[in-house]
Amino acid sequence: MLRQFLEKYGVEYSTTSKHSRPGWLQVGCPRCHSDRWHCGIKETLDRSSCYVCGGWNVGKLLRDLSQASWSEIQELLGQRAFVRSEADQVPLGTYTPPTNIVGITQCEAVHDYVLERGLDPDYLESVWDIRATGPFSNYPFRLFIPIHKGKRIVSWTARAACGQEPRYQTASAMQKSFDEKKMLFGNQFIREAAIIVEGPLSAINVGRGAVATLGVAYTQQQVNLMADIWRRIIVFDNEPKAQARARQLADQLAVFPGETFVVNLNAADPGSASRTEVRQLRDFAFGKGK
C-alpha cells in the first residue's frame, strides 16, 4: 500500500540506500530537507523516523511528502491515523545480543579496525564491556557495544569494521529490554559534569564522563537526563546540521540549573580527535588532569 501511495504522488523512495533496512522505505526528509534518504517509513505504516532530526508522525510525514488530502491519508492509515506513532509505544522484548561474540583480538578485522582508530582493545573490553562479532555471527565483523541502564545491559549497537552498511546495527525492539533512546550511552560513569556527544565511539574516545545520544536526533527523555547534570559540554560533529542541532540542544538545556556549553573541535568529530585535543576538552569539562 505504501509503495503505491508514494508512486501515485511521485514521491521517490529507496530500498537500497545505506540507511535502508528490511520492511522500511527511505525518503528525503521534508523537515530537515535532507535529500540523502535519511527518513524512513515502515511499510506497516506504524512508524517513521529521520536519521538526522528524529521521529515523525506517519500521517504528517505522508501529508508533507505528497500534499495528498487528509481524507486519503486517513483511508490509507485506517485506525493507525488516530494513534501517536512514538517509539515508546513499540513493545520491547528480551535483551538478546548478536551470536558469535568473541574477544576483540580474536577477530582480526575488528582488531585492525580498533587499532586504526587509535583505541586500546584492553581498555574497550575492561571499561566498556566491548567485544567483537565473529565471522559466524548474525551480524559479522562488527564492534559489539553493549548499552547499560545502571549496571544492567539492556540494549546494544554494533559498529561495522569492514565498511558494511548500515554503519551502526542497533538492536531491534525485540532484541532489547529498554529503549536506548531514552538513555544516554555512558551514563554509568557520570557525576556532576558530562561531555555530550553523538556516537558511542566518540564517547569512548573522549573517555569516562562522556555520554552519547546515539545519533544526532536526541529525544526529550535524553534532554531530561542531561538536565540533571550540573555542567554540560555539548560536542557534536563539525558538519553544519550537527552544529545547528547542538545549539538547539543548548537552548533547551539553558532553562535548567547548571552550566551548558557548546564546543567545536578541530577534529571532524570527537571520535577522531587527537589525544591532545581530548585532553584539552577533558580539562575544560572536568578540571585539569581529570
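When we follow the numbering used here, the leftmost residue of the sequence shown carries the number 1447, and every step to the right adds one.
Quick reminder that beta carbons are idealized off the backbone N, C-alpha and C, glycines included.
Does DSSP put residue i in a helix, a strand or coil?
i: F1730; result: helix
i: I1576; result: coil
i: G1653; result: coil
i: G1524; result: helix
i: P1543; result: coil
i: P1646; result: helix
i: A1604; result: strand
i: T1616; result: strand
i: A1658; result: strand
i: F1590; result: strand
i: F1631; result: strand
i: K1436; result: Not covered by the structure: residue 1436. The range shown for the chain is 1447 to 1736.
i: S1718; result: helix
i: H1465; result: coil
I need the straight-line Cα distance from residue i to residue j, nearest angstrom please.
i: V1652; j: A1514; result: 47 Å
i: N1712; j: A1719; result: 8 Å
i: L1508; j: K1734; result: 51 Å
i: P1586; j: A1696; result: 38 Å
i: M1629; j: Y1664; result: 10 Å
i: E1637; j: A1578; result: Sequence check: residue 1637 is Arg here, not Glu. For R1637 and A1578, the distance between alpha carbons rounds to 29 Å.
i: T1551; j: Q1615; result: 21 Å
i: L1523; j: Q1621; result: 27 Å
i: G1564; j: E1453; result: 46 Å
i: D1566; j: I1591; result: 15 Å
i: C1475; j: C1485; result: 5 Å
i: T1603; j: V1457; result: 31 Å
i: G1717; j: I1650; result: 8 Å
i: K1506; j: R1693; result: 26 Å
i: A1690; j: D1575; result: 32 Å
i: G1632; j: R1449; result: 39 Å
By the DSSP assignment, the beta strand (DSSP E) with residue i in it spans what residues?
i: Y1664; result: From DSSP, Y1664 is part of no beta strand (DSSP E); its letter is neither H nor E.
In the DSSP output, which residue or residues are listed as bridge partners for residue i?
i: R1677; result: A1639, E1705
i: K1595; result: R1598
i: Q1472; result: S1460, G1486
i: C1496; result: C1485, G1500
i: V1548; result: A1578
With distances taken Cα to Cα, identify the nearest neighbour of residue i among the options.
i: P1703; options: L1695, Q1726, R1678, A1690; result: R1678
i: Y1455; options: L1471, L1491, S1512, G1469; result: S1512
i: R1725; options: G1655, W1516, Q1668, D1575; result: G1655
i: K1488; options: P1612, R1613, W1502; result: W1502
i: D1715; options: S1463, P1592, F1682; result: F1682
i: F1582; options: I1593, C1553, G1486; result: C1553
I'd like the span of the alpha helix (DSSP H) that includes residue i, first residue to last.
i: S1583; result: No alpha helix (DSSP H) contains S1583, which DSSP labels as neither H nor E.
i: S1512; result: 1504-1512
i: D1625; result: No alpha helix (DSSP H) contains D1625, which DSSP labels as neither H nor E.
i: E1611; result: Counting along the chain, E1611 falls outside any alpha helix (DSSP H), and DSSP gives it neither H nor E.
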